[in-house]
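Each remark here refers to the structure printed beneath this line.
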Amino acid sequence: MSANIKAVTIENVRELLELSFSQPVLFYFYSERSPACLNLGPVLQRVAQTYPDALTLAVVDCDQEQQLAAHFGVRSLPTVLFIKEGQPVDGFAGEEPEQAILQRLSAFLPKPEDQLLQQALPLLEQQNWTEAYPLLKEANELAFERVDIRLQLALVQVELGQLDAAEKALATVLMADQDALYQSVKARLELAQQAADSPEVKALEQALVTDPDNKELQQQLAVQYHQVQRSAEALALLYEILKQDLNFGEAKKLYLDILATLPKGEPLASSYRRKLYSLLY
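For the record, in the sequence shown the residue sitting at position 201 is 201 according to full-length UniProt numbering, with numbers rising by one throughout.
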């Protein structure tokens, strides 16, 4: 039996009702003597197994726990009650198909984007930007209207050097939503943009204007771009070098090192991996 499927007795019913303040609890009243219960039981187990961390199935054997069934006012079997914050908020008697049960539950279960955000928040506290990025990127794709998710993603983009993407995300935030988090991300972005134009970068860019085909200068500038998290520009320079000479200096190693630092799900990494494979094969 899954950890989120529990047998209910008079001794632990209060504990399960308290649990309903943090997540929905399905109280399933059944009898092994009922054919309808034998059909519904496996359906409810599958539903519970679909949401192992967000839902508990509380199974009441009414042949053994008649007092509990009477307390909840159960008059026919099977009966399912959706309990939230200690109170029934929905339910049904008899059999229902799995899809109908999931539809009923959708009003009480956390949305996928909320689950992704909750997974990302501890990573943000640990400043684990690389692992937080794919979670927030997926959450943002699922619910682009959610400004809170978009701002958290923009924060991660700043920390990963994706400054253009972060700037575009902030530009979509309306005045009414420009809260403390928005101001914090904007300030970080401005600092990162200033750091991205270091004196070393400017000097090498100027040198390349007068000597645009100098591969050594290109490689040095790629290193500087990478150090200030301008990964897209670094990869573009290194790719141009490798197109002409696959074995030039440290270009291939630098290229692979930069790809290795990009977070999972970053389109830039996929694009430049394909470009390198096209050169190699």
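Heads up, the beta-carbon is just placed ideally off N, CA and C, and yes, glycines get one too.
Computed from a predicted model, the values in this text were never measured in an experiment.
Compute the beta-carbon to beta-carbon distance between residue i and residue j, rounded to the nearest angstrom, for a pair I have assumed lies under 8 angstroms.
| i | j | result |
| --- | --- | --- |
| cysteine 62 | valine 80 | At roughly 13 angstroms, the Cβ-Cβ gap does not stay under 8 angstroms, so cysteine 62 and valine 80 are not in contact. |
| valine 201 | tyrosine 225 | 7 angstroms |
| alanine 132 | valine 156 | 5 angstroms |
Please state whether the Cβ-Cβ distance between residue i and residue j is less than 9 angstroms.
| i | j | result |
| --- | --- | --- |
| phenylalanine 29 | leucine 68 | yes |
| glutamate 205 | leucine 189 | no |
| isoleucine 83 | leucine 16 | yes |
| leucine 135 | alanine 154 | no |
| alanine 251 | aspartate 245 | yes |
| valine 59 | isoleucine 5 | yes |
On a Cα-Cα basis, can you pick out the residue from the options that is closest to residue i?
| i | options | result |
| --- | --- | --- |
| leucine 57 | Phe72, Ala7, Glu11 | Ala7 |
| phenylalanine 92 | Ile101, Ser22, Gly86 | Ile101 |
| alanine 3 | Thr172, Leu142, Tyr277, Asp53 | Asp53 |
| threonine 50 | Pro112, Phe27, Pro35, Pro267 | Pro112 |
| alanine 195 | Gly249, Val173, Thr210, Gln227 | Gln227 |
| glutamine 277 | Pro263, Glu250, Gly265, Tyr255 | At residue 277 the sequence reads tyrosine, which differs from the glutamine that was named. That would be Tyr255, whose Cα lies nearest to the Cα of tyrosine 277. |
| lysine 275 | Phe82, Gln103, Tyr239, Glu266 | Tyr239 |
| residue 319 | Val223, Tyr182, Leu142, Glu98 | Residue 319 is absent from the model: the chain starts at 1 and stops at 281. |
| methionine 175 | Val147, Gly249, Pro35 | Val147 |
| threonine 130 | Leu259, Leu279, Leu280 | Leu259 |
| alanine 187 | Leu279, Glu159, Val13, Gly94 | Glu159 |
Tell me the rounded alpha-carbon separation between residue i and residue j.
| i | j | result |
| --- | --- | --- |
| glutamate 32 | arginine 46 | 18 angstroms |
| glutamine 87 | serine 231 | 53 angstroms |
| aspartate 164 | arginine 273 | 21 angstroms |
| proline 267 | glutamate 145 | 22 angstroms |
| proline 35 | valine 43 | 13 angstroms |
| leucine 26 | proline 97 | 15 angstroms |
Around the C-beta of residue i, are 16 or more other C-beta atoms found within 10 angstroms, so that it is buried, or is it exposed?
| i | result |
| --- | --- |
| phenylalanine 21 | exposed |
| lysine 137 | buried |
| asparagine 140 | buried |
| residue 296 | This structure does not reach residue 296, given that the chain is present from 1 up to 281, and the question cannot be answered. |
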